[in-house]
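**Q** Each protein sequence line maps, in turn, to chains X and G. Those letters in the first sequence? Residues 106 to 666, per our numbering, in order. Those letters in the second sequence? Residues 112 to 276, per our numbering, in order. Provided herewith is a single structure, encoded as structure tokens, for subsequent inquiry.
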Amino acid sequence: MSGSRALIKALEREGVDVVFGIPGGAIMPVYDELLNSDIRHVLARHEQSAAHMADGYARASGRVGVCMATSGPGATNLVTGVATAYMDSTPLVAITGQVPTSMMARDAFQEIDAVGIYTHVTKYSFQLLRSSEVPYVTKAAFFLASTGRTGPVHIDMPKDVQTGEAEMSFPDHVDIRGYRPYVPPDPAAVARALDLLLESERPIILAGGGVIKSGAHDYLLQLAESALIPVATTLMGKGAVPEDHPLSLGPVGMHGTVQANKLVNEADLVLAIGVRFSDRTTMEVRGFAPDATIVHFDVDPTEVGKNVKAHHAVTGDLKASIGLLLRMFQERARTGSWGAWRRRVEEVVSQWRDAVVGVKSEFSPPHILRAMREILPPDSIVTTEVGQNQMWAELYFKVLRPRTFITSGGLGTMGFGFPAAIGAKAARPDVPVVDVAGDGSFMMTMNSLATSIDEKLPVVVVILNNSSLGMVAQWQRLFYNRRYAATIFGANPDFVRLAESFGAEGVRVYSMDEFRNAFRTAIRSDVTTVIDVPIHPEEDVFPFVGPGRTLNEMLLGDGRE
Amino acid sequence: MNGAEGSSQTPIIYSLIVENKPGVLFRVASQFRRRSFNIESVAVGVTERPDTSRMIITMRGDQQMAEDFARVLRRTVDVIDVDRMDPGRAVQRELALIRVKPGGKEIAGGVRGEGELKILAESSDGAIIQAIGPPDYLSSLVDALVRGKVLEEVVRTGVVALEVR
């Protein structure tokens, strides 16, 4: 059997039903073999988008996403998407073609040291040197990607390894000596965490992306409900609890909600679950929850103490550890004495839950995001681009289910949202998928329109169009004396006609009524629709915690702090 | 944070058991580079098992950083085991080959310390000395030869160490 045949067979054995990619000279044998398989191939128009599509697929489905590209520029283009997945711990297998082993390190045509590059943005990067290694390496790649702290894994496959024939044996499992992902939580450590919780007077839960990835969200919600503890999230944790739940505070951070930022800073105990305390979440770290005991649950021991010192930590699988914490809590059959704290929480929440701050008109992005929530069914998937659009979505779009909010949190990759939406649609063709976009980000990967039309993966793109790189412009307004260095676009395309030229629908709206009508039509359409929403060019995102400030130093955009 | 800077600089010795295969040193070294840690010495050799190697890596830094970084090394897939040795309980040895001008032998012989010297080659131009001992001894030896203006070149293996049980 050839290496290529073995690769495709190994992918089939992993249950892969779709791969995203672009062919090229050094990966042609693999593509030829794909024609003999039921695995669907979705043809991207840029390798970065292929990786984002696989990422969106993985985040929407909870399965491993697969993307592939040729050697050289194919491999380098793919890197941004793989690095995006790495920062957000998305399970991905990225396969790149490589020049034949005999040509390696000779600066051959389209040769790049892919392993040298990918090692820094993956959990592991494999260099295949013999065809017979293909089954083991593929199995190991899926094992690494999908276990422990999930993340992308890279396989570099020289062309002669693809064409070479070998006796293949396909393992059912692999054992990697230096990799032990199944660490059960220490019951004594969980019990200590519960003691600290019950001793506290003002507890708060901070839920991160790890809660969703590990499937711990049901246990977490039960814990919050039985103990009546409010739940704030990180950006990546949006959807860990339904954001319309009375105990939900929404996200904490630079663009967190007032109630979440205030209450985290008043808490005397933060139960941090599956978070990595990103600087965009904590802001000035010395002022983060200054009175709180930090109890940190995470699957990755290197996260403990990395950014915020934990007073107590529980490492190991989150579903197991939160499940255990919940059982122990129920067995103790008592809660803390949190009556005064609950009244304080209710007071802050009722004041701020429905607040919209710092908008220019009634046709401002927060209103658009809220209208989207009213119209979309609860299990619809929303992706975002990066910048103001993303932060408006963070603040004003309430996520009701895990895995329905997909955003580039760690790397902040512009151009992510649209291809991620296409990938999510491939995973969940049964639900509407919407990309909340800005004009700047959308223009980075808008050639994916061709993919969405070709592959019949219809999504809705809502462009909050301010004809600028809005987040940078916002900072220039606030911190650079309104000096707009390279942020104002002189000539934007007509996004309606642009969409139409690809065979998609395009529509421009000037009022909330027009938006609602266009959006209702778009989410039922069987072709991709681009809704161009011209917004005030000086619309800023508020609340806003400026760089170097602490979470309780929020700007509200109307002169208030 | 750059853990290699700051006031609480103490010796740190990592002993790693790693896969004996290509690319492992690159992966381990990358973790140091990303944090701008300066490796003082690294010695790598195969262990009693042919499929594993041991790396002894020494650097300076504070103890909390050293413990946090040990977890990073442990997370590295090709790293099978990480031990942070207590410098006070570790037997440390390093070997140096030193080319000296005439008179170097005598200066070397006068350096005090827990080490052994052996002359491996000698001529009227000078000698090649083999020195084995703790890294501090080798550093004193090199300093003395530099001060005596007899040192031509030196090559050191890096520290190997085992902890006393």
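Using N, Cα and C, we set each Cβ at its ideal position, and we do this for glycine too. Since this is a predicted model, take the numbers as computed values, not measurements.
Classify G/Val261: buried if its beta carbon has 16 or more other beta carbons within 10 angstroms, exposed otherwise.
**A** When all chains shown are included, G/Val261 counts as buried.
**Q** In whole angstroms, what is the alpha-carbon distance linking X/Met133 and X/Met209?
**A** Roughly 18 angstroms separates the two Cα atoms.
**Q** In chain G, which residues lie less than 7 angstroms from X/Ile281 when you measure between Cβ atoms?
**A** The answer, in chain order, is Val188.
**Q** Output yes if chain X places a C-beta closer than 8 angstroms to the C-beta of G/Glu159; else output no.
**A** Cβ-Cβ to chain X under 8 angstroms: no for G/Glu159.
**Q** Rounding to the nearest angstrom, what Cα-Cα distance links G/Thr121 and G/Gly269 in this structure?
**A** Rounded to whole angstroms, G/Thr121 to G/Gly269 spans 18 angstroms at the Cα level.
**Q** At a CB distance below 8 angstroms, what residues from the segment 176-187 of chain G approach chain X? Give them in sequence order.
**A** Listed by position, the residues of the segment 176-187 of chain G near chain X (Cβ gap below 8 angstroms) are Asp179, Arg182, Val183, Arg185, Arg186, Thr187.
**Q** With 8 angstroms as the threshold, decide whether the Cβ of G/Ser141 is near any Cβ in chain X.
**A** So, interface residue.
**Q** Taking a Cβ distance cut-off of 7 angstroms, strictly less, list which residues of the segment 515-529 of chain X are near chain G, in chain order.
**A** Under the 7 angstroms Cβ criterion, the segment 515-529 of chain X contributes no residue.
**Q** Quick check on G/Ile230: buried or exposed, where buried means 16 or more other Cβ atoms within 10 Å of its Cβ?
**A** Exposed, because fewer than 16 other Cβ atoms sit within 10 Å of the Cβ of G/Ile230.
**Q** Just the Cα atoms here: how many angstroms apart are X/Ala590 and X/Glu610?
**A** If I take the Cα positions, the gap works out to 34 angstroms.
**Q** In whole angstroms, what is the alpha-carbon distance linking X/Pro263 and X/Ser207?
**A** The alpha-carbon atoms of X/Pro263 and X/Ser207 are separated by roughly 9 angstroms.
**Q** Could you tell me whether the Cβ of G/Glu227 comes closer than 8 angstroms to any Cβ of chain X?
**A** G/Glu227 does not count as touching chain X.
**Q** Say whether chain G places a C-beta atom closer than 8 angstroms to the C-beta of X/Pro483.
**A** Cβ-Cβ to chain G under 8 angstroms: no for X/Pro483.
**Q** Pick out the complete alpha helix (DSSP H) segments inside the segment 332-378 of chain X, 4 residues or longer, and give them in chain order.
**A** Entirely contained in the segment 332-378 of chain X, the alpha helix (DSSP H) runs reaching 4 residues are, in chain order, 363-371.
**Q** Got a sec? Which residues, its chain only, sit under 8 angstroms from X/Leu352 by beta carbon, not counting five neighbours each side?
**A** Excluding positions up to five away in sequence, the list reads Ala329, Glu330, Leu333, Ile334, Pro335, Val336, Val346.
**Q** Report back the beta-carbon spacing between G/Val139 and X/Gly283 to the nearest angstrom; my notes put them in contact at under 8 angstroms.
**A** That pair is no contact at about 11 angstroms.
**Q** Using a Cβ cut-off of 9 angstroms, which residues of the segment 118-151 of chain G contact any Cβ in chain X, in chain order?
**A** Listed by position along the chain: Ile128, Val129, Glu130, Pro133, Gly134, Phe137, Arg138, Ser141, Arg145.
**Q** Touch check for the segment 241-260 of chain G and the segment 124-144 of chain G: three-plus C-beta pairs under 8 angstroms?
**A** No contact exists between the segment 241-260 of chain G and the segment 124-144 of chain G.
**Q** With a threshold of 8 angstroms between beta-carbons, can G/Leu256 be considered close to chain X, or not?
**A** No, its Cβ sits nowhere closer than 8 angstroms to a Cβ of chain X.
**Q** Going straight from the alpha carbon of X/Ile260 to that of G/Val253, what length do you get?
**A** Between X/Ile260 and G/Val253, the C-alpha separation is close to 47 angstroms.
**Q** DSSP state of G/Val170, grouped into three classes?
**A** The sequence shown places Met at residue 170 of chain G, not Val. DSSP places G/Met170 in strand when its eight states are reduced to three.
**Q** Buried or exposed: X/Gln232, going by 16 or more other Cβ atoms within 10 Å of its Cβ?
**A** Answer is buried; the Cβ neighbour count reaches 16.
**Q** Please report the residue range of the alpha helix (DSSP H) in which X/Arg447 lies.
**A** It spans 444-457 - the alpha helix (DSSP H) in which X/Arg447 sits, taken as one unbroken run.
**Q** Could you check how far apart the C-beta atoms of X/Val313 and X/Thr339 are, in whole angstroms? I think they sit under 8 angstroms.
**A** The sequence as given places Gly at residue 313 of chain X; Val does not occur at that position. Yes, X/Gly313 and X/Thr339 are in contact; Cβ-Cβ is about 4 angstroms, under 8 angstroms.
**Q** Taking X/Leu249 as the query, report the chain G residues whose CB atoms sit under 8 angstroms from its CB, ordered along the chain.
**A** Here the neighbours are Val188.
**Q** Is the beta carbon of G/Ala177 within less than 7 angstroms of some heavy atom of the ligand ADP?
**A** Because no ligand of any kind appears in the structure shown, any question about the ligand ADP cannot be addressed here.
**Q** Anything in chain X within Cβ reach of G/Ile240, meaning under 9 angstroms, just list it in chain order.
**A** None at all; the shortest Cβ gap to chain X is about 38 angstroms.
**Q** Mind checking if X/His225 is an interface residue toward chain G, Cβ cutoff 8 angstroms exclusive?
**A** By this cut-off, X/His225 is an interface position.
**Q** Could you pull the start and end residues of the beta strand (DSSP E) that X/Asp535 belongs to?
**A** Taken as a continuous stretch (DSSP letters only), X/Asp535 belongs to no beta strand (DSSP E), as it is neither H nor E.
**Q** Since X/Val504 and X/Asp540 are thought to touch, with beta carbons under 8 angstroms apart, how far apart are those beta carbons, to the nearest angstrom?
**A** At roughly 15 angstroms, the Cβ-Cβ gap does not stay under 8 angstroms, so X/Val504 and X/Asp540 are not in contact.
**Q** Run through DSSP, which three-state label would X/Asn570 get?
**A** Strand at X/Asn570.
**Q** Taking its Cβ as the centre, do 16 or more other Cβ atoms sit within 10 Å of X/Ser546, making it buried, or is it exposed?
**A** By the neighbour-count rule (16 or more Cβ atoms within 10 Å), X/Ser546 is buried.
**Q** Counting Cβ pairs closer than 8 angstroms, one from the segment 130-144 of chain X and one from the segment 488-507 of chain X, do we hit at least three?
**A** The segment 130-144 of chain X is not in contact with the segment 488-507 of chain X.
**Q** Going by C-alpha distance, which of G/Met166, G/Phe180, G/Val157, G/Glu159 is nearest G/Ser147?
**A** Measuring from the Cα of G/Ser147, the nearest candidate turns out to be G/Phe180.
**Q** Going by CA-CA distance only, name the one from X/Thr634, X/Val316, X/Tyr585, X/Asp484 that's closest to X/Leu603.
**A** Of the listed residues, the one whose Cα sits closest to X/Leu603 is X/Thr634.
**Q** For X/Ile260, which three-state DSSP category applies?
**A** In the structure shown, X/Ile260 sits in a strand (DSSP, three-state: E or B).
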